[in-house]
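One point on numbering: in the numbering used here, the residue at position 195 of the sequence shown is 202, and numbering is uninterrupted.
Just so it is clear, CB atoms sit at the ideal spot from N, CA and C, and this is done for glycine as well.
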Amino acid sequence: MCRIACLFLALFASPLIHAQPTDVTPIECGNCARWNTPQQPFRLFGNSYYIGTRGLSSVLIDTGAGLIVLDGALPQSAPLIAENIRELGFELHDVRWVLSSHAHFDHAGGIAALARLSGAQVAASTRGANALRMGTVTADDPQAGYGMGNAYPAIEHVTEIVDGGTLTLGNTRVRAHYTPGHTPGSTTWSWQSCEAERCITLVYADSLNAVAAPGFRFSDTPARIAQFYASIARVARLHCDIMVPVHPEFGELFARLEQGSDTLRFVDPNACQRYATAARMRLQQMIANETVSAPAPNTR
Ligand SMILES: [Zn+2]
Numbered sequence: 008m009c010r011i012a013c014l015f016l017a018l019f020a021s022p023l024i025h026a027q028p029t030d031v032t033p034i035e036c037g038n039c040a041r042w043n044t045p046q047q048p049f050r051l052f053g054n055s056y057y058i059g060t061r062g063l064s065s066v067l068i069d070t071g072a073g074l075i076v077l078d079g080a081l082p083q084s085a086p087l088i089a090e091n092i093r094e095l096g097f098e099l100h101d102v103r104w105v106l107s108s109h110a111h112f113d114h115a116g117g118i119a120a121l122a123r124l125s126g127a128q129v130a131a132s133t134r135g136a137n138a139l140r141m142g143t144v145t146a147d148d149p150q151a152g153y154g155m156g157n158a159y160p161a162i163e164h165v166t167e168i169v170d171g172g173t174l175t176l177g178n179t180r181v182r183a184h185y186t187p188g189h190t191p192g193s194t195t196w197s198w199q200s201c202e203a204e205r206c207i208t209l210v211y212a213d214s215l216n217a218v219a220a221p222g223f224r225f226s227d228t229p230a231r232i233a234q235f236y237a238s239i240a241r242v243a244r245l246h247c248d249i250m251v252p253v254h255p256e257f258g259e260l261f262a263r264l265e266q267g268s269d270t271l272r273f274v275d276p277n278a279c280q281r282y283a284t285a286a287r288m289r290l291q292q293m294i295a296n297e298t299v300s301a302p303a304p305n306t307r
């Protein structure tokens, strides 16, 4: 009896299991193909490298005692990021930590696969960790109204880093700066990197974009607006020599990449301030638009 049952299982169970979506099953979206354009990895400064795609950032830090990766972009980006790590001469299994900026599918979608492929642990802000464990946004996310469109591969075990807290590995201490607004768990990360005698601060700047699903209005919750402005001000105040925004198009990364091989070409101490100023203007515009438009039905 078992022989028949076992033969049946051998023939059919395995393909059925493999037919399930995996953590690298592509997510389709209007910008996904453009965002996922492959990009050659390159050194930012010292022990820090850009390993993301052309449209979605991911950064690698070689701490001397293992690697730290910031963000995983889309699920379909994970193999590209893994290949970029190898192309730089590093081993995937040396990745110890993957840190998350915010728990949307275009930045956290590839984290589950990268963690599985490398054996790394995942860390995020407290609110970000809640979302990563669910594999979607929390109910108070401005984009929660998109429902299942927010889903991405969930991560079972996520270490929480408190605001101002640090994660130390080898010669590197990465600090979490909570910058809620785009999502409740949004986190900007910073660390020092040294090259010869020179040490500088790198900032992995989370999105400060006010984006909402239909029916959501930032202006319905003044405390949320105040929190968003405070996050923008916080980023403007950061010590910031090199800024990598989670969407590279919101900075000058690739323009500076074209400027030759000067190791200081990415240094731009005003980048965080400019990034914050642009975000403040977009938030002001969003609130102004909400004010002139009638409240949508079922507004929360
Ligand atoms: Zn987002």
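| request: Could you tell me whether any non-hydrogen atom of ligand 1 is closer than 7 Å to the CB of residue 30? | output: no
| task | Please go through the same chain and pick out, in chain order, the residues whose beta-carbon is closer than 6 Å to the beta-carbon of residue 214, but skip the five residues on each side of it. | result | 189 and 253
| message | Assess contact between the region 221 to 231 and the region 253 to 273, defined as three or more Cβ pairs (one per stretch) separated by less than 8 Å. Is contact present? | response | no
| task | Using only the heavy atoms of ligand 1, determine whether one of them is closer than 7 Å to the beta carbon of residue 78. | result | no
| Reduced DSSP category for residue 182 - H, G, I as helix; E, B as strand; rest coil | strand
| Test item, CB below 6 Å from any non-hydrogen atom of ligand 1 | 109, 111, 189 and 214
| query | Residues in its own chain within less than 8 Å of residue 44 by CB, not counting five upstream and five downstream? | reply | 60, 61 and 62
| Less than 8 Å separating the beta-carbons of residue 258 and residue 282? | yes
| Distance, residue 50 Cα to residue 196 Cα | 18 Å
| request: Could you check what DSSP says for residue 255 in three-state terms: helix, strand or coil? | output: helix
| Candidates 268, 287 and 140, of which the one nearest residue 241 by Cα | 287
| query | Any heavy atom of ligand 3 within a distance shorter than 7 Å of the CB on residue 109? | reply | Of the ligands this structure carries, namely ligand 1, none is ligand 3.
| said: Applying the 10 Å Cβ sphere with the 16-neighbour rule, what's the burial state of residue 284? | reply: exposed
| message | Classify residue 110: buried if its beta carbon has 16 or more other beta carbons within 10 angstroms, exposed otherwise. | response | buried
| Leaving out five residues before and five after residue 46 in sequence, what residues of the same chain have Cβ atoms less than 7 Å from its Cβ? | 59, 60 and 61
| What are the start and end residues of the alpha helix (DSSP H) that includes residue 49? | No alpha helix (DSSP H) holds residue 49; the beta strand (DSSP E) holding it covers 49 to 52.
| query | From residue 280 to residue 212, what does the alpha carbon distance come to, in whole angstroms? | reply | 11 Å
| request: Helix, strand or coil for residue 197, going by three-state DSSP, please let me know. | output: strand
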